[in-house]
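Okay, so the sequence shown: first residue is 1 according to UniProt numbering, each after it adds one. Each residue gets a CB set at the ideal place from its N, CA and C atoms; glycine is no exception. So the structure is just underneath, and the comments pick up after that.
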Amino acid sequence: MNLRQVDPKTLVPNPANPRRTKPDAAYEDQLAANIREIGLIQPPIAREIDGRLVIKAGDRRTRACIAAGLATIPVLVIDGDDANHDSMRAFSENIVRAGLGTVDMWRAIEALCGDGWSEDGIATALSLPPRVIKRLKLCGSIHPAILDQMAKGDEPNERDLRTIASASREDQAEAWKKHKPKKTERTSWWELARALTKTRFYARDAEFDAKIAKANGILWEEDLFAQDGQDNRFTTQADAYLNAQHEYLSKKLPKGHVILPLNEQGEPKLPAKATRIYGDKPGKGEIAGRYVNERTGCVETVIYRLPAPKPVAKSKAKGKPTATAVAGAGGSTDEAGDAGDAGEIETAAEFVQTSSRPPVTKEGLKMIGDFQTDALHEALDKVEIDDQTLIALLVLAFAGDNVQVRTGEKIEPGQIYRRRSTIAYPLISGGVLTFDPDTIRTGARAMLKHALCMRDGFGMQSGPVARIAGNEIDADRFLPSMATQEFLSCLSKPEIERIGSASGVLPRPTGKATRAAVVDRFKTERFVYPAANFALSQEELTKLAETQARLAAANDDESDVAIDDEAPDGPTEADEDPEDEPASDEAPEAGSPSQSEQMAAE
Numbered sequence: 001m002n003l004r005q006v007d008p009k010t011l012v013p014n015p016a017n018p019r020r021t022k023p024d025a026a027y028e029d030q031l032a033a034n035i036r037e038i039g040l041i042q043p044p045i046a047r048e049i050d051g052r053l054v055i056k057a058g059d060r061r062t063r064a065c066i067a068a069g070l071a072t073i074p075v076l077v078i079d080g081d082d083a084n085h086d087s088m089r090a091f092s093e094n095i096v097r098a099g100l101g102t103v104d105m106w107r108a109i110e111a112l113c114g115d116g117w118s119e120d121g122i123a124t125a126l127s128l129p130p131r132v133i134k135r136l137k138l139c140g141s142i143h144p145a146i147l148d149q150m151a152k153g154d155e156p157n158e159r160d161l162r163t164i165a166s167a168s169r170e171d172q173a174e175a176w177k178k179h180k181p182k183k184t185e186r187t188s189w190w191e192l193a194r195a196l197t198k199t200r201f202y203a204r205d206a207e208f209d210a211k212i213a214k215a216n217g218i219l220w221e222e223d224l225f226a227q228d229g230q231d232n233r234f235t236t237q238a239d240a241y242l243n244a245q246h247e248y249l250s251k252k253l254p255k256g257h258v259i260l261p262l263n264e265q266g267e268p269k270l271p272a273k274a275t276r277i278y279g280d281k282p283g284k285g286e287i288a289g290r291y292v293n294e295r296t297g298c299v300e301t302v303i304y305r306l307p308a309p310k311p312v313a314k315s316k317a318k319g320k321p322t323a324t325a326v327a328g329a330g331g332s333t334d335e336a337g338d339a340g341d342a343g344e345i346e347t348a349a350e351f352v353q354t355s356s357r358p359p360v361t362k363e364g365l366k367m368i369g370d371f372q373t374d375a376l377h378e379a380l381d382k383v384e385i386d387d388q389t390l391i392a393l394l395v396l397a398f399a400g401d402n403v404q405v406r407t408g409e410k411i412e413p414g415q416i417y418r419r420r421s422t423i424a425y426p427l428i429s430g431g432v433l434t435f436d437p438d439t440i441r442t443g444a445r446a447m448l449k450h451a452l453c454m455r456d457g458f459g460m461q462s463g464p465v466a467r468i469a470g471n472e473i474d475a476d477r478f479l480p481s482m483a484t485q486e487f488l489s490c491l492s493k494p495e496i497e498r499i500g501s502a503s504g505v506l507p508r509p510t511g512k513a514t515r516a517a518v519v520d521r522f523k524t525e526r527f528v529y530p531a532a533n534f535a536l537s538q539e540e541l542t543k544l545a546e547t548q549a550r551l552a553a554a555n556d557d558e559s560d561v562a563i564d565d566e567a568p569d570g571p572t573e574a575d576e577d578p579e580d581e582p583a584s585d586e587a588p589e590a591g592s593p594s595q596s597e598q599m600a601a602e
């Protein structure tokens with residue numbers, strides 16, 4: 001191999017060049033401009049054949065040198081008997097290469113600026129638009145920890161990068177603590193950008209009071225340029241403001257209203273078969289659903305109507321609705337089975353039972369959901385799970401009540417980039433699915449953690465499938481001790497006394513004293529509230545069995561299970577046959593099982 005100075009116009013193009021499709025003219029111009037500015041960096045490789053130099057690697061560089069007007073260029077001329085490697089050399093130089101990431105390009109530009117290069121000079125030498133250089137220089141405003149994540153190849157799009165770079169380093173550091181991905185995950189950049197978006201949320205649109213605002217750490221600023229005569233306080237703390245609005249909805253929901261979950265586009269998700277009604281107030285038979293508009297921060301209301309319930313069954317003996325059907329329509333039923341007036345409370349005992357405090361408050365159930373979800377996620381991280389169980393759990397997780405699947409059917413475009421994509425990307429290499437067992441197991445565990453949830457939120461709970469999954473992988477042992485004042489204060493006095501008696505703690509004069517004694521009893525031991533265990537109770541197992549029976553019955557011929565609403569009062573041929581007599585006079589249970597109940601029952 002020897003180096004020669006050669007006129008590039010005398011070089012013969014490679015007849016076996018693997019790049020048969022000519023590159024875009026912009027790339028050709030970029031290479032020519034770069035060579036014109038700083039010269040040729042890597043000489044082409046050629047082989048002398050019949051007195052002529054035939055290019056074996058570097059056709060683009062040669063054409064760029066001619067376009068740049070260079071009279072001579074250095075060329076590496078190879079010799080020897082390894083001509084059979086020439087095709088591989090030409091192919092390798094187009095394949096075995098790695099481009100610079102955004103962070104490395106920014107660092108290189110900073111180094112060039114330190115050497116006296118201007119931004120315009122860099123743009124000219126690299127044949128890049130000046131806006132690209134300015135975009136790369138946004139990295140200089142990025143928090144170092146975020147830059148380290150970007151350097152790994154996990155980069156945001158340009159819009160999210162501008163949003164992040166426009167925030168202060170302190171705000172970036174605070175947001176990164178909340179949205180920093182785990183080792184095997186990719187960053188959800190849109191969530192990080194949203195947390196740093198300086199959208200103004202005004203106090204006049206807030207439903208929550210000062211107490212909730214203080215609890216969420218909301219700090220108000222005054223808009224001095226706004227119109228007088230209105231509350232012009234605002235905050236840019238998007239997450240805190242939205243959390244406060246959600247907290248208000250969960251605690252002070254008006255009577256007769258329901259909280260609606262949101263779909264992936266941030267729009268309210270109505271129940272199945274519900275019809276939206278446009279109006280200011282709900283009418284008879286209509287329901288008002290409330291939700292937080294995450295774009296504006298306002299609590300908004302949607303009115304909808306559910307389809308009419310199925311007709312109730314009639315007693316074939318008398319042609320009258322059964323007692324259970326009457327009670328279900330609004331009336332109450334006494335111990336003898338007689339139906340009372342709608343809304344009537346039959347006995348004093350029933351009144352006491354209705355108005356007494358439940359064993360666990362709503363806040364307590366929310367804490368249990370948090371405990372269970374954290375324990376389930378920790379178990380998915382640490383417990384050894386065989387592949388068959390892992391795949392089965394993964395399938396089960398996607399039957400959760402909180403999982404939405406976008407199919408190939410005709411749906412509206414504009415879906416928001418979701419967490420599932422960041423989990424799925426590591427399983428793809430070069431456009432095909434990886435078969436690395438460790439990568440697949442890591443992705444399966446991450447997807448399970450993403451899907452399975454028991455937190456008390458807006459459409460977040462997976463339902464029974466999460467409990468079954470947690471029980472399968474023994475997530476109970478990751479539950480924290482619940483013998484704390486914070487959790488035990490969510491239990492009623494009778495429930496605290498029952499727990500104390502079971503633990504050898506005698507009841508105290510007050511519920512507060514009993515709680516303190518239970519906390520002291522479990523100072524050195526772990527206490528898990530029985531209802532927080534993952535295993536389904538006998539009552540829940542019975543309900544699943546009933547669901548399974550309903551699913552099996554649903555597969556029968558419709559005519560065999562249909563209710564004859566026009567049955568005559570007198571006896572019929574079917575009535576005289578005892579084998580055709582129904583097992584119960586009660587009306588069939590209204591509604592159909594949820595998706596999670598179906599999967600769990602199966």
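Item	Value
Between D115, E384 and P464, which has its C-alpha nearest L541's C-alpha?	P464
How would you label M1, buried or exposed, when you count the other beta carbons within 10 angstroms and need 16 or more for buried?	exposed
Mind listing, in chain order, the continuous beta strand (DSSP E) runs of no fewer than 3 residues lying wholly within the segment 44-92?	45-49, 52-57 and 73-78
Identify whether I164 lies in helix, strand or coil by the three-state DSSP scheme.	helix
Along the chain, which unbroken stretches of the alpha helix (DSSP H) at least 4 residues long are found entirely within the segment 167-241?	169-179, 189-196 and 210-215
Please name the residue, chosen from E37, M88 and F534, that lies closest to F371 on a Cα-to-Cα basis.	F534
Do A475 and L544 have their C-beta atoms within less than 7 angstroms of each other?	no
Which one of T373, L253, A469 and E525 has the shortest CA to CA distance from T484?	E525
Classify S462 as buried or exposed, calling it buried when 16 or more other Cβ atoms lie within 10 Å of its own Cβ.	buried
Excluding the 5 residues preceding and the 5 following A145 in the sequence, name in chain order all residues of the same chain whose CB lies nearer than 6 angstroms to its CB.	W176
Can you give the Cα-Cα distance for P307 and R550, rounded to whole angstroms?	21 angstroms
Determine the DSSP secondary structure at A16, reduced to helix, strand or coil.	coil
Under 7 angstroms Cβ to Cβ from R52, same chain only, skipping five residues before and after it: list those, please.	V12
Taking 7 angstroms as the threshold (C-beta atoms), are V54 and R4 in contact?	no
Determine, using beta-carbon pairs with one atom in the segment 56-71 and one in the segment 14-27, whether at least three such pairs fall under 8 angstroms.	yes
Pairing CB atoms from the segment 225-242 with CB atoms from the segment 250-269, are three or more of them under 8 angstroms?	no
Check whether the segment 198-205 touches the segment 283-300, taking contact to mean three or more Cβ pairs, one atom from each stretch, closer than 8 angstroms.	yes
Indicate whether C490 and G364 have their beta-carbon atoms separated by less than 7 angstroms.	yes
Determine the burial state of R186: buried for a count of at least 16 other Cβ atoms within 10 Å of its Cβ, exposed for fewer.	buried
Quick one: grab the DSSP three-state call for R498.	helix
Which same chain residues end up closer than 6 angstroms to K180 when comparing Cβ atoms and leaving out the 5 residues on each side of it in sequence?	none
Pull up the CB-CB distance for V292 and L242, whole angstroms please, since I reckon it's below 8 angstroms.	6 angstroms
Tell me whether V360 sits in a helix, a strand or coil according to DSSP, three-state version.	strand
Taking just the CA atoms, how far does N157 sit from D381?	30 angstroms
Keeping to the same chain, check which residues put their C-beta closer than 6 angstroms to that of W106; ignore five residues upstream and five downstream.	L136 and C139
Mind checking who D276 pairs with in its DSSP beta bridge?	Looking at the sequence shown, residue 276 is not Asp but Arg. Partner(s): Y304.
From this set, K281, E267 and I287, which residue's C-alpha is nearest T275's C-alpha?	I287
If you count every other CB in all the chains shown that lies within 10 Å of the CB of W358, and 16 or more means buried, which is it?	According to the sequence displayed, residue 358 carries Pro and not Trp. Classification of P358: exposed, given that the 10 Å Cβ count is below 16.
Which one or two residues does DSSP pair with A288 in a beta bridge?	H257 and I303
Straight-line CA distance for R169 to L147?	12 angstroms
Hey, quick one: how far does the beta strand (DSSP E) through R4 stretch, first residue to last?	N2 to V6
With distances taken Cα to Cα, identify the nearest neighbour of S87 among A46, T442, A111 and S127.	A46
Excluding the 5 residues flanking E93 on each side, which residues of the same chain have their C-beta closer than 6 angstroms to its C-beta?	A57
As an exercise, report each continuous alpha helix (DSSP H) stretch of at least 4 residues that is fully enclosed by the segment 112-167, in chain order.	119-126, 130-136, 144-151 and 158-166
Would the beta-carbon of S492 fall within 7 angstroms of that of F527?	no
Could you have a look at L249 and say whether DSSP puts it in helix, strand or coil?	helix
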